[in-house]
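K.L.:
If you scroll down you'll find the structure; I have some questions about it.
Protein chains: 2
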Amino acid sequence: MKSKRLKSLRRNEYSQAAFETVCIYGFSSTTVDLVAKHAGASKTNVLHYFGNKTSLLEGALRYGNSVLVDEVRALMIRSKTPWERVYSVLLANFSAKTFDPKLAHAWLSLCAEVPYHSNFQRIQTVIHSRMHSNLLHALRQITDEKRAEVTAALISATIDGLWLRLAVQAEPLKVETALGQIEELMNSLFPNDENRVLAKRKMAEIQKILFP
Amino acid sequence: MKSKRLKSLRRNEYSQAAFETVCIYGFSSTTVDLVAKHAGASKTNVLHYFGNKTSLLEGALRYGNSVLVDEVRALMIRSKTPWERVYSVLLANFSAKTFDPKLAHAWLSLCAEVPYHSNFQRIQTVIHSRMHSNLLHALRQITDEKRAEVTAALISATIDGLWLRLAVQAEPLKVETALGQIEELMNSLFPNDENRVLAKRKMAEIQKILFP
DNA sequence: CGAAAAATAGACCAACAAGTCTATATTAAC
DNA sequence: GTTAATATAGACTTGTTGGTCTATTTTTCG
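Protein sequences appear in the order of chains H and A.
So the first sequence is numbered by my numbering: it starts at 8 and just counts up by one.
So the second sequence is numbered by my numbering: it starts at 8 and just counts up by one.
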């Protein structure tokens with residue numbers, strides 16, 4: 008069906024436009040009309056595909072996340088060991104492509120709305136769960152159950168914290184600095200781990216090839 | 008002067024009302040009228056003291072931060088050693104009083120606006136700088152300069168990350184869990200440090216007395 | 001006390017934004 | 001090729017919101 012394809016194409020187009028509009032103006036200044044202008048369409052048409060503004064912004068949230076998820080997955084399917092899976096998550100979160108202040112602004116702006124919209128909450132929960140379970144599964148094979156839980160939570164909280172810094176800091180956090188801090192964390196949590204260091208190097212290589 | 012005092016009293020009252028309104032409705036749904044209603048005053052009067060909505064929300068940001076800052080300071084002035092100062096910051100950030108989902112919602116909602124308002128940016132920069140320098144001064148006396156830099160940044164990023172979790176997670180993060188994760192971090196960064204553990208205990212005691 | 005200054009609020013206005021109604025192209029289906 | 005369905009958009013409506021104008025009350029102070 009052409010029509011089905013067009014429908015989903017438009018929704019994707021407008022979701023991206025919405026996300027980019029949030030990047031520029033922030034959630035609270037984003038209007039349906041601005042999104043439409045950004046997409047080169049009419050407000051009516053955008054509304055035609057989404058029904059209302061909230062659904063459109065949900066699309067934006069989903070879109071923004073998909074950028075990151077795609078990179079995680081690309082690295083993940085090329086991972087063979089637990090440590091390689093851990094570094095798939097870490098490196099994807101601090102990729103040169105994605106670790107960008109503008110993206111972080113939009114990400115944060117959408118996050119901040121989560122507590123006030125049940126649909127946002129649902130979407131966000133899925134996102135977090137996936138990241139958490141990715142980390143947890145890998146870490147379980149590295150350390151004991153209890154510590155895997157704690158460190159998985161700690162690592163993902165730290166990732167979020169660094170992203171928040173990227174968004175709110177006046178002179179934006181450099182990706183190398185963020186990676187250095189993550190490395191300090193990993194090195195302290197799991198010192199003298201040869202496999203960890205090797206996995207990191209290997210995944211960094213793969214990432215450089217896939218996302219130059 | 009009574010008048011000066013009243014002026015500053017009203018501004019404080021309305022800043023608090025604005026913050027609480029953001030707690031309930033989120034930044035993007037907070038209106039001057041809602042704030043006024045919450046404070047039991049007229050919109051006109053609120054506007055009289057702040058001039059415009061943006062200044063009012065700046066007040067909210069300042070107010071929200073002051074809650075935390077007051078607790079940090081209270082612990083800080085009772086600290087004698089570097090480790091005690093570090094734990095003043097940590098425990099204040101995860102105090103039973105302040106570590107609350109509603110507060111976190113508002114905090115996050117205001118943070119998300121930082122990139123879009125230069126005044127918010129300025130205020131936020133001051134807040135971050137103070138926290139960073141508090142940690143950095145103390146850590147410099149504990150470890151070498153380079154590592155003090157990295158760990159101070161890492162610790163404050165982790166704090167922010169945990170607050171973000173508190174805000175966006177469906178089943179809200181318990182304060183003990185957050186403290187456990189921070190402790191895992193500190194224990195990994197500075198293992199086998201007798202002074203650290205003692206300082207933590209001491210400051211926790213003081214906190215329990217000051218903020219029961 | 002009485003005038004000036006400050007505090008407070010009701011009514012109003014202009015801007016704007018979400019969403020609808022209606023109309024016109026464009027595509028698909030027989 | 002004609003008809004039905006879909007895509008797109010312009011005009012309009014309705015509600016909301018930030019901010020102003022004006023008026024009234026309260027306080028200050030000589």
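The C-beta atom is built at its ideal place from N, Cα and C for all residues, glycine as well.
Does the beta carbon of aspartate 167 of chain A sit closer than 8 angstroms to a beta carbon anywhere in chain H?
P.N.:
Aspartate 167 of chain A counts as touching chain H.
K.L.:
Name the residues in the stretch 137 to 171 of chain H whose C-beta lies less than 9 angstroms from a C-beta of chain A; which are they?
P.N.:
Correct list: Arg154, Val157, Thr158, Ala160, Leu161, Ser163, Ala164, Thr165, Ile166, Asp167, Gly168, Leu169, Trp170, Leu171.
K.L.:
Decide if the stretch 106 to 126 of chain A is in contact with the stretch 29 to 38 of chain A; the criterion is three or more beta carbon pairs, one per stretch, under 8 angstroms apart.
P.N.:
Touching, per the Cβ criterion.
K.L.:
Work out the CA separation of proline 198 of chain H and threonine 88 of chain H for me, nearest whole Å.
P.N.:
Going by the C-alpha atoms only, they are around 18 angstroms apart.
K.L.:
Could you check whether leucine 41 of chain A and leucine 171 of chain H sit closer than 8 angstroms to each other, using their CB atoms as the reference points?
P.N.:
No, the Cβ-Cβ distance between leucine 171 of chain H and leucine 41 of chain A is not below 8 angstroms.
K.L.:
Mind pulling the chain H residues with CB within less than 7 angstroms of leucine 196 of chain A?
P.N.:
Going along chain H in sequence order, the residues near leucine 196 of chain A (Cβ under 7 angstroms) are Ser195.
K.L.:
Name the chain A residues whose beta carbon is nearer than 8 angstroms to that of phenylalanine 106 of chain H?
P.N.:
Those do not exist, as phenylalanine 106 of chain H stays about 13 angstroms from chain A at its closest Cβ, beyond 8 angstroms.
K.L.:
Name the chain H residues whose beta carbon is nearer than 7 angstroms to that of histidine 112 of chain A?
P.N.:
Near histidine 112 of chain A (Cβ distances below 7 angstroms), the residues of chain H are Pro122.
K.L.:
Going by other Cβ atoms of all chains shown within 10 Å of its Cβ, with 16 needed for buried, is alanine 99 of chain A buried or exposed?
P.N.:
Alanine 99 of chain A is buried by the Cβ-count criterion.
K.L.:
Between the C-alpha atoms of glycine 47 of chain A and leucine 186 of chain A, what's the straight-line distance to the nearest angstrom?
P.N.:
Whole-angstrom Cα-Cα distance: 38 angstroms.
K.L.:
Taking only runs of the alpha helix (DSSP H) that begin and end inside the stretch 173 to 214 of chain A, which ones reach a length of at least 4 residues, in chain order?
P.N.:
Whole alpha helix (DSSP H) segments, 4+ residues: 182 to 196.
K.L.:
Within 8 angstroms (strictly less), CB to CB, does phenylalanine 34 of chain H reach chain A?
P.N.:
Yes, contact with chain A.
K.L.:
Check whether the Cβ of methionine 8 of chain A lies closer than 8 angstroms to any Cβ atom in chain H.
P.N.:
Here the model assigns methionine 8 of chain A a pLDDT of 40, short of 50, so the residue's position is not dependable, and the following value carries that caveat. No, because no Cβ of chain H sits closer than 8 angstroms to the Cβ of methionine 8 of chain A.
K.L.:
Closer than 8 angstroms, CB to CB, is leucine 115 of chain H near chain A or not?
P.N.:
So, interface residue.
K.L.:
Cα separation between arginine 92 of chain H and phenylalanine 106 of chain H?
P.N.:
So the two alpha carbons sit approximately 19 angstroms from each other.
K.L.:
For phenylalanine 127 of chain H versus glutamate 65 of chain H, is the C-beta distance shorter than 8 angstroms?
P.N.:
Yes, the Cβ-Cβ distance between phenylalanine 127 of chain H and glutamate 65 of chain H is below 8 angstroms.
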